[in-house]
Structure formats: structure tokens, C-alpha cells
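Undergrad:
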Amino acid sequence: MFNNSSILITGGTGSFGKKYTETLLKNFNPKRLIVFSRDELKQYEMQQEFNAPCMRYFIGDVRDKGRLTQAMQGVDYVIHAAALKQVPAAEYNPMECIKTNINGAENVIHAALANDIKKVIALSTDKAANPINLYGATKLASDKLFVAANNMAGGHPTRFAVVRYGNVVGSRGSVVPFFKKLQAQGCQHLPITDPRMTRFWITLQQGVDFVLKNFERMQGGEIFVPKIPSVRITDLATAIAPELEQEIIGIRPGEKLHEIMCPADDSHLTLEFSDHYVITPSITFIGRTNSFEKNALGEQGKAVDQGFEYNSGTNPNFLGIEEIKLFNQMAGIR
1 MFNNSSILIT GGTGSFGKKY TETLLKNFNP KRLIVFSRDE LKQYEMQQEF NAPCMRYFIG
61 DVRDKGRLTQ AMQGVDYVIH AAALKQVPAA EYNPMECIKT NINGAENVIH AALANDIKKV
121 IALSTDKAAN PINLYGATKL ASDKLFVAAN NMAGGHPTRF AVVRYGNVVG SRGSVVPFFK
181 KLQAQGCQHL PITDPRMTRF WITLQQGVDF VLKNFERMQG GEIFVPKIPS VRITDLATAI
241 APELEQEIIG IRPGEKLHEI MCPADDSHLT LEFSDHYVIT PSITFIGRTN SFEKNALGEQ
301 GKAVDQGFEY NSGTNPNFLG IEEIKLFNQM AGIR
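Position one of the sequence shown corresponds to residue 1 (the UniProt record's numbering), numbered consecutively onward.
In C-alpha cells:
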């Protein structure tokens, strides 16, 4: 699929973009691989590491529809990873978060349709399910936009889908590098917001591989959710720094005790496959199939029970402390 194809990734200098670029260059032979982002320093630094002949670095912001439309000329596939992601920052700067995460999503859709992009996958987050913070609310709105865009396509061949997953081990801004930094600085304790807190857990490579596979699976309109383990925040802290005390500091603005990826209210729309779930569209697509039980790879799904909820606190798959250490090693964290 990606051999001799042109691929563009928004927010391409982030943790996901770098790993996605590394994986594509290792396993495929793309015609062009375009990194689209607004930070010239991060692009310069990334260019020192990834400078294959197919690489292109475009400075631009997803808030700028004209620049996006220009950047997508001749592109086959788009991964939309650009977003403002910090929960507290979004609470204090709400309009900035809305402009990037919602207006930016709309711009990506219009630019993709204008260029007859084949397939677009937008990255979402567990915080978009039953959101209680602004970041999650903007990502839920973004998810809805990308699903509905399949009806907006009209005669265009473009298809849109969403990938939603949990916390990425060691990604920029995550708790793991924060804990490691405190440990290296000789702190006497690690701050724990609430000892009951749980999170879904996935490595960056697993996230990238899941997105790649879903380009093959997608028909358009799906929200893909991987089956992944959960961790307890206290176990995570112990796995990283067993010698340090844990100090309870209270939940931050907009933070949940547990995260959800498939809400119970969407159980009538949710299909279970062997290694993932699919939340199917609540709207009807005009002039195309509305059946998602069998995907484009021929994999067969089945409806979940009514009231089913995929919750990090009730997930049957929890990592123990030693398993968390192995996960961290897989992510390159020592």
C-alpha cells in the first residue's frame, strides 16, 4: 500500500510522527513522506535523523487550510496527528485548543477532499470517550467530524477513519519521563494524583503498527480501538523508582480516575474483533455500505453485549510491576 505512495503526516515532528517515519522508511519504499508541522527547530532536528531522498519537511499549521491544501497536492494517504494534547494547558487556554483540535480537523478534511486523498486516519485519544476535560471534548468533536466526512465526500474517493488508543509509554509529556526526571534529580518522592488511578498502556511502536494495519482494514467511518493492557499508577511508580516514596497530591484539573475507550452508551455500535474493537458510525452513509462486521481485510467482528464498556479500571488485562518494566524496556526506557 505505501510502496511508491506519497504520505503526509500532520504534527509529524511529535513522538508518533518520528516513530511512524522510522517504521515507514524501514518497511516500505514511499515515493514521498511529508512531515507537516509548525516548529522549524523540531523539523531541523528531525531532518538530521531522517534525511532519506523521499523525505519532505513542510512548515505549516493545521489552522491554515490553504497551506494544508497546498501541502496535500499529489498525496495518497494522510495521518492526522497534530493536536494540542496537554489537559491542564487546554483548560487554561480553551480557544487555542479548539482552534487546533476542531478547526484544524475541519481544515484537514477539506484539504483532503480538495486533493482526492485516498485514505485519511486521524489519531484520537481515550479522553475523547465520555470527556470531562476540554482536550477530550475537542477530540470527540474531531472524531465526529472525521466520521461525518465520509458523507461529505460525495463523489470524491476519499475515506476517513479514526484510531483511538490510550497513554503511550514514554511519549513526550507522559508521566514516565516525568518520573524518570524526578528520580534522576534525586527527589525523595514521586507525586501520585490518586492511588486508585488506572490508565490504558501502549508502546509507541504498537500504536504505529496499529495505525498502519488500519489503513488496510478501513472502509471509512470506523473508530478503531486496540485491545491493550491497563496499569495502576502506583504500580507504574514502583516499577520506575521502587526506592522512592509516593506522595498523594490530588487529581489535576480535567483528570479522570479511569479512562474509557468504548463507552457503554456506544455499545450498540461497537464490534469486537480478535485484537481490537470498532465503534461504527451512528449516522447512515449515503450510497455506500453501512456494514462493518467484515472489514476490508476480511476479518470478522461480532457485536458486543449491550452495556459493554471498555474501561481502564475494569479491563481484564492489567500489567504487574515486572510486566510494566518489560513494557518500558520495549519502549526504550531504562
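Built from N, CA and C at the ideal position, the CB exists for glycine as well.
1) Measuring only the C-alpha atoms, how far is G287 from D275?
2) Given a threshold of 16 other Cβ atoms within 10 Å of its Cβ, counted over all protein chains shown, does A122 qualify as buried or as exposed?
3) Taking C-alpha atoms, which residue in V163, E96, V175, E259 lies nearest to M218?
4) What runs of the beta strand (DSSP E), each 3 residues or longer, lie entirely inside the segment 227 to 293?
5) Can you tell me whether DSSP reads H156 as helix, strand or coil?
6) Using DSSP's beta-bridge definition, name the partner residues of V163.
7) Sort M1, E22, I34 by Cα distance to T10 and report the nearest one.
8) Give me the Cα-Cα distance between R63 and P242, rounded to the nearest whole angstrom.
9) Nearest CA to the CA of G74: which residue from A141, D116, D61?
10) Using C-beta distances below 7 Å, list every residue in its chain close to G307, excluding the 5 sequence neighbours before and after it, in chain order.
11) Please tell me whether F146 and A153 are closer than 9 Å, where the distance is taken between their beta carbons.
12) Got a sec? Which residues, its chain only, sit under 7 Å from F215 by beta carbon, not counting five neighbours each side?
13) Tell me whether Y310 is buried or exposed, calling it buried when 16 or more other Cβ atoms sit within 10 Å of its Cβ.
14) Rounded to the nearest angstrom, what separates S15 and V168 at their Cα positions?
15) Taking C-alpha atoms, which residue in S291, V87, L326 lies nearest to I240?
16) Can you confirm whether V169, when its beta carbon is compared against all beta carbons of chain B, has any partner nearer than 9 Å?
17) When the Cα of N315 is compared with those of A83, E259, L68, which residue comes out closest?
18) So, at 7 Å on beta carbons, what are the nonlocal neighbours of M72 in its own chain, with the 5 sequence-adjacent residues on each side left out?
19) My output table needs one value for S37: the three-state DSSP class, helix, strand or coil.
20) On the criterion of 16 or more Cβ atoms from any shown chain inside 10 Å, does S282 qualify as buried, or is it exposed?
21) Could you give the uninterrupted runs of the beta strand (DSSP E) lying entirely in the segment 59 to 105, keeping only those of 3 residues or more?
22) Are the CB atoms of E96 and P253 nearer to each other than 9 Å?
23) Rounding to the nearest angstrom, what Cα-Cα distance links E247 and A237 in this structure?
24) What do you get for F273, buried or exposed, if any count of 16 or more other CB atoms within 10 angstroms of its CB means buried?
25) Using C-beta distances below 6 Å, list every residue in its chain close to N133, excluding the 5 sequence neighbours before and after it, in chain order.
26) Inspect the beta-carbon positions of G17 and S37 and report whether they are closer than 9 Å.
27) Compare the beta carbon distance of L204 and A331 with 9 Å and say whether it is the shorter of the two.
28) For I321, which residues of its own chain have a beta-carbon under 7 Å away from its beta-carbon, when the five flanking residues on both sides are left out?
29) If you count every other CB in all the chains shown that lies within 10 Å of the CB of R199, and 16 or more means buried, which is it?
30) Among the candidates L25, I279, S142, P229, whose CA atom is the shortest distance from the CA of I202?
31) With a cut-off of 8 Å on the beta carbons, I'd call Q329 and L244 a contact; round off their distance for me.
32) Go through its chain and collect everything with a Cβ distance to A105's Cβ below 6 Å, but skip five positions before and after it.
33) With burial defined as no fewer than 16 other Cβ atoms inside 10 Å of the residue's Cβ, what is the status of K181: buried or exposed?
34) On the DSSP letters alone, give me the boundaries of the beta strand (DSSP E) that E171 sits inside.
35) To the nearest angstrom, how far is the alpha carbon of N193 from that of K85?
36) Taking R199 as part of the beta strand (DSSP E), name the residues at either end of that continuous run.
TA: Well, looking at it:
1) 30 Å
2) buried
3) V163
4) 230 to 232, 245 to 248, 260 to 262, 270 to 272, 276 to 279
5) coil
6) L123, F224
7) I34
8) 44 Å
9) D116
10) A264, S267
11) no
12) M1, Y77, K119, I121
13) buried
14) 9 Å
15) L326
16) The structure shown contains no chain B; it holds only a single protein chain.
17) E259
18) L8, V78, A111, A112, N115, I117
19) strand
20) exposed
21) 77 to 80
22) no
23) 11 Å
24) buried
25) V87, G254
26) yes
27) yes
28) D235, T238, A239
29) buried
30) P229
31) Rounded, the Cβ-Cβ distance is 20 Å, inconsistent with contact.
32) S142, L145
33) exposed
34) The question names Glu, yet the displayed sequence has Ser at residue 171. Per DSSP, S171 belongs to no beta strand (DSSP E) and is neither H nor E.
35) It should be noted that the sequence gives Thr, not Asn, for residue 193. Near 19 Å, if we compare the C-alpha coordinates of K85 and T193.
36) 198 to 202
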